[in-house]
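Peer 1: So the sequence shown is numbered by our numbering: it starts at 1 and just counts up by one.
Backbone N, C-alpha and C fix where the C-beta goes; we use that ideal spot for every residue, glycine too.
All values reported here derive from a predicted model rather than from experimental measurement.
Supplied in structure tokens, the structure appears directly below.
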Amino acid sequence: MGYKKDDIVEIKLYDLMKSQYGTDSNEAFDEFIPCDGHFIQAMKPFCGKRVILTESNIKNEEGTAVRFMKGGFIFTQDMFTKVGELREFTKTKNDFYKKKYTKAEITAAQVEMLQMVDKEKFDKIMAGANGIDVKRIKGTTKMLQLWAENKVNYFLMFGRKLKIKKEIEIEMTADDVAEDVETLRKAYPLQVYILDLFQKNDIIKNCITNAPRYFKQYYDIQPGMKLTKAMHKIFENEQFDIELSKVVQKTKKSGSLVVSIDPVDILFMSKNNSGWHSCHNIYDEGGGHGCYAGGIFSYIEDKATLISYRCSDTIAEYNIGKYKVEDISKSWRELLFCNPDNFYFVASRQYPYDDELLTSQVRILLETQVSEYMNVPNKWTIIHDDNLARKVVRNESGKILHYNDVLLYTSKHYPILYNRSLTANMSPKEFTDLFSIVVGAESICPVCGEHLIRDCGWINCHNCGIGDDY
Ligand SMILES: [Zn+2]
Numbered sequence: 001m002g003y004k005k006d007d008i009v010e011i012k013l014y015d016l017m018k019s020q021y022g023t024d025s026n027e028a029f030d031e032f033i034p035c036d037g038h039f040i041q042a043m044k045p046f047c048g049k050r051v052i053l054t055e056s057n058i059k060n061e062e063g064t065a066v067r068f069m070k071g072g073f074i075f076t077q078d079m080f081t082k083v084g085e086l087r088e089f090t091k092t093k094n095d096f097y098k099k100k101y102t103k104a105e106i107t108a109a110q111v112e113m114l115q116m117v118d119k120e121k122f123d124k125i126m127a128g129a130n131g132i133d134v135k136r137i138k139g140t141t142k143m144l145q146l147w148a149e150n151k152v153n154y155f156l157m158f159g160r161k162l163k164i165k166k167e168i169e170i171e172m173t174a175d176d177v178a179e180d181v182e183t184l185r186k187a188y189p190l191q192v193y194i195l196d197l198f199q200k201n202d203i204i205k206n207c208i209t210n211a212p213r214y215f216k217q218y219y220d221i222q223p224g225m226k227l228t229k230a231m232h233k234i235f236e237n238e239q240f241d242i243e244l245s246k247v248v249q250k251t252k253k254s255g256s257l258v259v260s261i262d263p264v265d266i267l268f269m270s271k272n273n274s275g276w277h278s279c280h281n282i283y284d285e286g287g288g289h290g291c292y293a294g295g296i297f298s299y300i301e302d303k304a305t306l307i308s309y310r311c312s313d314t315i316a317e318y319n320i321g322k323y324k325v326e327d328i329s330k331s332w333r334e335l336l337f338c339n340p341d342n343f344y345f346v347a348s349r350q351y352p353y354d355d356e357l358l359t360s361q362v363r364i365l366l367e368t369q370v371s372e373y374m375n376v377p378n379k380w381t382i383i384h385d386d387n388l389a390r391k392v393v394r395n396e397s398g399k400i401l402h403y404n405d406v407l408l409y410t411s412k413h414y415p416i417l418y419n420r421s422l423t424a425n426m427s428p429k430e431f432t433d434l435f436s437i438v439v440g441a442e443s444i445c446p447v448c449g450e451h452l453i454r455d456c457g458w459i460n461c462h463n464c465g466i467g468d469d470y
């Protein structure tokens with residue numbers, strides 16, 4: 001096979017050895033390769049990496065001898081496969097480059113997005129969570145400046161907005177009804193106590209699947225009867241009947257799905273009144289915060305992270321230290337890690353539960369937006385390959401405080417998505433760069449803005465005390 005300049009090759013050495021020897025064993029190579037033990041393991045990180053050949057890589061006129069260096073190793077043509085079809089794609093350029101903005105336009109966009117942030121609210125949350133007065137918050141201007149610099153591509157892709165949104169109607173589940181039942185319980189504790197004796201799904205279907213024996217005996221309540229009728233037979237309380245009917249009739253729940261770079265949304269990524277919790281919570285009821293609260297700042301300041309969530313229109317009031325903050329309640333959320341140049345993304349873990357409907361709706365929302373912005377057909381490929389996801393996603397180097405679920409939480413499938421047109425029209429260099437989403441940033445202290453946050457379990461630096469204003 002002849003190689004030419006600009007050919008793309010994919011390093012396959014690890015795969016080739018593994019298929020030949022069937023194991024990860026080093027026995028066949030360690031004795032004669034002057035590498036510090038474990039030669040195959042040392043090669044493993046290079047497997048799947050793509051390289052563009054330069055003229056100096058091609059060692060004879062026929063192009064049958066190729067050599068290049070990477071990571072201190074020498075690779076020859078036996079160690080890789082040629083990705084020939086990609087070369088065809090390099091012939092055309094897509095509209096992406098027509099979207100290039102001037103430096104002045106980018107700066108103007110950053111100013112615009114900063115003006116859209118509710119900084120007063122952002123600072124109040126920071127102050128409350130740190131247990132200090134809001135007057136002492138000095139670090140957030142610098143933090144938000146970094147946010148604007150690093151997230152400006154998403155702002156432009158969203159059509160100069162901090163978030164994109166879609167109204168949804170979702171079939172009620174037993175869990176959705178549970179929230180309504182809890183509201184009902186306050187006014188009708190006895191009635192709801194009896195209601196609990198029926199099965200959860202009976203409320204959604206308004207149909208009794210099974211009744212306790214004494215109900216059958218004393219009230220003539222039988223399976224198949226309407227639940228509302230049964231409750232009427234037991235209590236004969238008209239007001240309760242009306243309230244229960246309202247719950248039973250709500251078979252669909254409306255709400256919004258949002259994809260956002262709004263720093264308040266990221267700061268409040270785990271704040272909700274739906275009763276779930278995550279280690280990235282900025283402030284727990286009654287004080288304290290999640291064990292990875294420092295990681296939130298990593299996501300705010302980085303180039304990769306977007307948050308998607310589901311919420312209702314209801315505004316909740318949260319106590320954050322001595323401050324009261326109004327915000328929506330996120331009943332579900334999922335972080336999306338994205339390459340800011342070509343909008344290729346990996347969906348991270350869903351909280352507090354996996355919901356295929358919600359995550360696919362988020363994908364559709366984002367896919368449509370990216371395709372319109374980039375002026376390409378809305379045709380995407382989804383790959384379900386955790387190993388590949390872990391190659392694509394990596395953490396920024398340095399002191400990074402977030403908990404990266406894609407890299408650390410192993411029992412899930414993280415879908416990778418890319419627009420086929422954008423991938424196909426990339427130049428070789430861009431295509432290689434595509435296989436990289438760098439998550440996280442070093443997080444500056446929101447209180448002073450002078451130092452880095454001391455550790456993942458902290459939300460300030462080693463110099464800034466907690467709670468001394470009280
Ligand atoms: Zn500080």
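So, with DSSP's three-state summary, where would you put MET69?
Peer 2: DSSP, read as helix, strand or coil, puts MET69 in strand.
Peer 1: Threshold first: 4 residues or longer. Then list the alpha helix (DSSP H) segments lying entirely within the stretch 353-424, N to C.
Peer 2: 356-374, 386-392, 405-408, 420-424
Peer 1: Restricting to runs no shorter than 3 residues, where is the beta strand (DSSP E) found entirely within the stretch 292-352?
Peer 2: 305-320, 323-338, 345-351
Peer 1: What does the Cβ neighbour count give for LEU190, buried or exposed, with the cut at 16 atoms within 10 Å?
Peer 2: Within 10 angstroms of the beta-carbon of LEU190 lie fewer than 16 other beta-carbons, which makes it exposed.
Peer 1: Quick check for students: name the residue ranges of the alpha helix (DSSP H) that lie wholly in the stretch 218-285, counting only runs of 4 or more.
Peer 2: Within the stretch 218-285, complete alpha helix (DSSP H) segments of at least 4 residues are found at 227-235, 238-249, 263-267, given in chain order.
Peer 1: At a cut-off of 8 Å, is HIS289 close to ligand 3 when judged by its beta-carbon and the heavy atoms of the ligand?
Peer 2: Ligand 3 is absent from the structure shown, which contains only ligand 1.
Peer 1: Measuring alpha carbon to alpha carbon, tell me which residue in GLU61, ILE453, ASP78 is nearest PHE68.
Peer 2: PHE68 has its Cα closest to that of ASP78, out of GLU61, ILE453, ASP78.
Peer 1: Would you tell me roughly how many angstroms separate the C-alpha atoms of PHE337 and SER348, rounded to the nearest one?
Peer 2: 7 Å
Peer 1: Just to confirm the assignment, what range does the alpha helix (DSSP H) spanning ASN112 have?
Peer 2: The sequence given here has Glu at residue 112, not Asn. Element bounds for GLU112: 103-116.
Peer 1: In terms of residues, what are the limits of the alpha helix (DSSP H) holding ILE194?
Peer 2: 189-195
Peer 1: Tell me the residue span of the alpha helix (DSSP H) that contains LYS121.
Peer 2: 119-130
Peer 1: Hey, LEU335 and THR305 are a contact pair by Cβ (cut 8 Å); roughly how many whole angstroms apart?
Peer 2: 6 Å
Peer 1: Leaving out five residues on either side along the sequence, give the residues of the same chain with a beta carbon under 7 Å from the beta carbon of CYS448.
Peer 2: LYS138, GLY139, CYS461, ASN463, CYS464
Peer 1: Is THR140 helix, strand or coil when you go by DSSP?
Peer 2: helix
Peer 1: In the DSSP assignment, what are the bridge partners of LYS165?
Peer 2: VAL258
Peer 1: Are there 16 or more other CB atoms within 10 angstroms of the CB of ASP196, so buried, or fewer, so exposed?
Peer 2: exposed
Peer 1: Beta-carbon within less than 7 Å of ARG471's beta-carbon, same chain only, minus the 5 sequence neighbours each way: which residues are those?
Peer 2: Because the chain in this structure spans residues 1 to 470, residue 471 falls outside the shown range and cannot be described.
Peer 1: Just how far apart, CA to CA, sit HIS413 and GLN350?
Peer 2: Their backbone Cα atoms lie some 11 Å apart in a straight line.
Peer 1: Run through the DSSP bridge pairs and tell me what VAL51 is partnered with.
Peer 2: VAL9, per the DSSP bridge assignment.
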